[in-house]
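Working notes, structure below.
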Amino acid sequence: MIRGSLVRVSRGRMNFAATLLGTTALAMLAIPAFAQDRASDDAPADEAVDDAIVVTGIRSSLATALGEKRTSDNIVEVIQAEDIGKLPDQNLAEVLENVTGVQITRQAGVGNAVQIRGTDANRTEINGVSTVGSGAGRSGISFEDLPAALIASVEVTKVPTAQTIEGSVGGTINLRTIRPLDLKEPLIAARAQMENSDLSKSTLPRLSATVGSNWDTGIGEIGIVLSGSYARQDVAAFKPRVDRDAVVLPGSGPSAEAFPFLRIQFLQQGLENYEYETYNGTAALEWKPNDDLKFYFDATLNNQTRGQQSHRVQISGTATPSVVDATDNSAFETVNWGTLDGPDGPIDLGSVDATVAGTLGIGGSTGTVIDPNMRTSSDTGARVTKSRVFDFGTDWQVTDKLRMRAEVALSTSKSDFPNFSTTLDFINPNGPQPQIGRSIDNGVPIEFDLRGGTLQFGIDQASPFAPTTAQLLDPANYQLQQVAQGANTTDNQERAARLDFSYDTSDLNPFVTSIDFGYRWNRTSAENNEFSRNVSLTNTTSAWNRPSGDLFSDILIPGPSNFNAADGRRLYFPDFLLIDGGLAFDDPAKVLDALNAAIDASNAAATQGPPIASLVTPTESFAGFFKIKETTNAAYFQANMEGEIAGMPVRGNAGVRWLHTSLSSTGNNIANGEVTGQTVAKSSYNFLLPRFNLVLEPADRFLVRAGIARDIRRPNFDTLSTSFSFGTGANTPVAVGNPDLVPEAVWSFDLSGEYYFAPSSLISIGFFHKSRTNLFAQRQEDPAPNLDADGNLNISIDPSCPDGGIYNPIANRNINNPIQGVGICVPRSSTFNVPGTTTQTGVEVAFQHDLSAWEDVLGFASGFGFIGNFTYQKAGGSAREYRTADGPRTVFTQLGYPGSQDLISLTNLSKYAYNATLFYDKYGLNARVRYTWRSSYVSDDPFFFGLPLINGARGQLNASINYDINDHINVGVEGINLLRGDQNQYCVNNKALLCFQGLTDRRITAGLSVKF
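For the sequence shown, position 723 matches number 723 in our numbering, and the numbering has no gaps at all.
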């Protein structure tokens, strides 16, 4: 059998076609992902055995998936692996992106979150067993933790049945592994690949293997499948940031214009770099003593280390009046703010000019504050996770009518979050120098040019104060500014047991063919412990003796010099030093010792100012501890129907699921920094969840599906906690939990039509509507800016925070207060249930067709096929919760729009999205190219101007080509993000003010697969 081919076995392989296609296929590759057709049973029945048609590869996987979709009683989408260990993408999130109605979000170009019908509120299962995540979320195991190589198929349930475990708004994702007793012959398969990431300049391996077999023994059939994988991945994204959230009014100073405009407030050259090392293993054991009884055991083990070696070059202090006065703005653009959805109707914010080109001169002199300053940060926050999923069960045909299934399961996820992030101040040897008690850093001249949608900036080489390359790479010109250490841990677990029965009632009522009923118990827990130690050396007197880089040069490295590699930008920072983030992750003790030795040496050489205290390892932050325990008892009843109404075939199910949940949230009581006891908040709730699915076949090959279902979405664990944790940034909100939250309740209504107009073809259109109550919404209380006469921030440092917010004792005040040091009032955020109803309404369209039926006419071209899908969705409803648009520098107030508010909208919901896939599958050659696009959406990143960032529309092109050398060996090449699709982020509204660019890398994977 030739994988990936439709051939007449007796005629042999048509080798000439592979050569003919070598060039052609590169222009037409692709594999879809939603669930599509290929009716292999349509082959001529009278064909001789030695002239049999054998279908495998892409089209076979689509045929199997579409057959499962077609026979399902509810709305599901299925993706089948083309072969062992060969789903259409390397990453499970990117696999799911092929499904109609599914979009994904990425981190550094890698898919890490999935939205089904515009929401992240989904559930992930492995072989029908709930999984738990590494953090505080409810969706289950992270998609970046599991490689696609271990998964045989993926099922997305969009409309649940009564049997479906509750907890999803968009859908339930079930990752299925190979079942041992389904094997037709012994299996040995392996795959080796190397992946190159162009921005991170790395080439790393991916290895996977699967073995399995089954035997008919004296005690029945026994089967086993073992799979394992090892993968390393190094991904990078360049993320330049420009803050223009401060207004210069006419007549306010030397840089003022005759019109108000937005000036440069902050510049950051950021590189996100994540290094993954993942070990995975799965085991499946099945024993079937007789035809009526089967036992099974499954295990999934995952160990993942996600290291981070990100860094930032930051230009701060631009708000200092002397810097504002020394700024030369040479070009402007007009920013159309768009409108806000206010409580009394749309608010048209009009437009404003914003600077796009110019220079920032050095402001201040020796003995005064000197800005703008340059800092380099090494960000090393990592995650080390061990996840386990075990289940043991039995499937027993008790009588001719009664079938029983019993199962117990355990899912765990334990994670450590080591962090040793550092920041250095660059002290420019040219120009004014710092003076004790007056300033601790100094200024660097900057040129910026934001024209053409490129956020670029760098050293102003025309300035006489510009540092040279040698000076920028001299350790003596850097001083330690901040050290943030962390060692947080999470321990999440779910224990579950379920009992399911199915009774055949066809003799009693031919229309109600069977009834299903059952019970499920689960106990879920989440424990969070926080360990941190943060030191900021910013006070002009007490931190004067902080060590310079020449005292710890053995742990310094030059930053990457290729920040222009993605777009060829002219302005950037190619020369700078930072503390080695890889070393800080691999050997934090060595970095700590080096810094303490430098502190000792600096103290010994000091001639003025107090000594610097030594750094110590993280200690427990009692305020960050929480433990959530949750117990749920659920029962369901479901009637399954099949028959005819007025001669029209009808099938479906109707049922109800009932659940009772009780939970407790435990946190520490703290007085004077000590734990004085614990607070336990308890609550409980009940829900009744009706669910109904119907399939009609009014005409041959045409199906009409309808579904009505109710579900719930439980709050994330951290939003239920009574504890909170602090960051080191003066603008970073502190999230405060709310143990009184109740689950969201969701009604879903679906109607769709599917027409299988040819053996390998489908066109479908579906409508969905979701009505959500008790919606979770985040509210943020910002401290008052208290601007001084020069427009500088003077946010309160009073621990009682009389002007709003919450006091953060470890936050670096930076520019938010003129008195340098740590401890300041920062934004306070919390999650609440919003009154009213929020709706999501949408349309899904899917199309699939291939040319295999035209083989006699088209020859080699009959291997082509196409898959496409399109989704439209929008939010609405009566829920009205608003947030104030202004931000800490009161931009809209100064522009004449005080008190403007905007309706809180759903995050990560794109109004439009589509996938288009072209594939070729013939003569052992499998090729595919897929283009995916989604429109703009509200992100869940930190706010600017008091509003969330908007992620702009983005498309991505992936492609692959694989060739069977023989029946056992296959070689292939895959390309991810071939066009390097950027992810821009805008402030206030889409296409309004460009605030971030996301320049992601292109990844190429080449590999070899063997199968026996």
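Glycine residues also receive a C-beta, built at the ideal position from the N, C-alpha and C atoms. Predicted, not measured: the structure shown is a model, and the values here were computed from it.
Check                                                                                                                                                                                       : Outcome
Please tell me whether residue 313 has its Cβ less than 7 Å away from any Cβ of chain B.                                                                                                    : Reference to chain B is not applicable here, since this structure consists of a single protein chain.
What are the start and end residues of each continuous beta strand (DSSP E) run of 3 or more residues lying completely inside the segment 399-464, in chain order?                          : 402-426, 446-449, 456-459
Can you list, in chain order, the residues of its chain with a C-beta nearer than 7 Å to that of residue 471? Leave out the 5 residues immediately preceding and following it.              : 429, 477
Give every residue of the same chain whose Cβ lies closer than 7 Å to the Cβ of residue 80, excluding the five residues on either side of it in the sequence, and list them in chain order. : 61, 64, 65, 153
Which word fits residue 275, buried or exposed, when buried means at least 16 other C-beta atoms lie within 10 angstroms of its C-beta?                                                     : buried
Using the three-state DSSP reduction, which class does residue 624 fall into: helix, strand or coil?                                                                                        : helix
What separation, rounded to the nearest whole angstrom, lies between the Cα atoms of residue 45 and residue 107?                                                                            : Note that residue 45 scores a pLDDT of 34, beneath 50, so its modelled location is shaky and nothing firm can be said.
So residue 991 is in the alpha helix (DSSP H); what residue range does that whole segment cover?                                                                                            : Careful: residue 991 lies outside any alpha helix (DSSP H) and carries neither H nor E.
Quick one: what's got a C-beta closer than 8 Å to residue 342's C-beta in the same chain, skipping five residues either side?                                                               : 882, 900, 901, 902, 903
Would DSSP call residue 792 helix, strand or coil?                                                                                                                                          : coil
How many Å lie between residue 417 and residue 951 at the Cα?                                                                                                                               : 27 Å
What do you get for residue 1009, buried or exposed, if any count of 16 or more other CB atoms within 10 angstroms of its CB means buried?                                                  : buried
Kindly indicate which residue of 192, 199, 220, 987 has the alpha-carbon position closest to the one of residue 209.                                                                        : 192
My assumption, with CB atoms under 8 Å, is that residue 916 sits in contact with residue 865. Please give the rounded CB distance.                                                          : At roughly 12 Å, the Cβ-Cβ gap does not stay under 8 Å, so residue 916 and residue 865 are not in contact.
Between the C-alpha atoms of residue 450 and residue 408, what's the straight-line distance to the nearest angstrom?                                                                        : 58 Å
Can you confirm whether the segment 282-290 touches the segment 219-226 when touching is taken to mean that 3 or more C-beta pairs between the two stretches lie within less than 8 Å?      : yes
Give the DSSP bridge partners of residue 898, in chain order.                                                                                                                               : In the DSSP output, where bridge partners are listed per residue, residue 898 has none listed.
Straight-line CA distance for residue 781 to residue 736?                                                                                                                                   : 11 Å
Can you give me the C-alpha to C-alpha distance between residue 753 and residue 723, rounded to a whole angstrom?                                                                           : 49 Å
Report the three-state DSSP secondary structure of residue 1025 (helix, strand or coil).                                                                                                    : The requested residue 1025 is not part of the displayed model; the chain covers only 1 to 1012.
For residue 854, count the other beta carbons within 10 Å of its own beta carbon; 16 or more makes it buried, fewer makes it exposed. Which is it?                                          : exposed
Following the continuous alpha helix (DSSP H) through residue 921, name the residue where it begins and the one where it ends.                                                              : Note, residue 921: premise wrong, no alpha helix (DSSP H); beta strand (DSSP E) at 912-922.
Measure from the alpha carbon of residue 239 to the alpha carbon of each residue in 253, 270, 224, then state which is nearest.                                                             : 270
Would you list the residues sitting across from residue 502 in a DSSP beta bridge?                                                                                                          : 403, 516
Quick check on DSSP: helix, strand or coil for residue 733?                                                                                                                                 : coil
Rank 168, 831, 101, 479 by C-alpha distance to the C-alpha of residue 579 and give the top, closest one.                                                                                    : 479
Quick check: the Cα distance between residue 653 and residue 954, rounded to an integer number of angstroms?                                                                                : 39 Å
So, does the segment 559-579 touch the segment 452-464, judging by three or more C-beta pairs under 8 Å?                                                                                    : yes
By how many angstroms is the C-alpha of residue 124 removed from the C-alpha of residue 1001?                                                                                               : 28 Å
Does the separation of the CB atoms of residue 947 and residue 885 fall below 7 Å?                                                                                                          : yes
Which same chain residues end up closer than 7 Å to residue 802 when comparing Cβ atoms and leaving out the 5 residues on each side of it in sequence?                                      : 796
State the start and end residues of the unbroken alpha helix (DSSP H) segment that holds residue 472.                                                                                       : 469-472
Spell out the partners DSSP gives residue 1011 in its beta bridges.                                                                                                                         : 189
Which word fits residue 679, buried or exposed, when buried means at least 16 other C-beta atoms lie within 10 angstroms of its C-beta?                                                     : exposed
Rounded to whole angstroms, what's the CA-CA distance from residue 384 to residue 141? Just pull it up for me.                                                                              : 13 Å
Can you tell me whether DSSP reads residue 786 as helix, strand or coil?                                                                                                                    : coil
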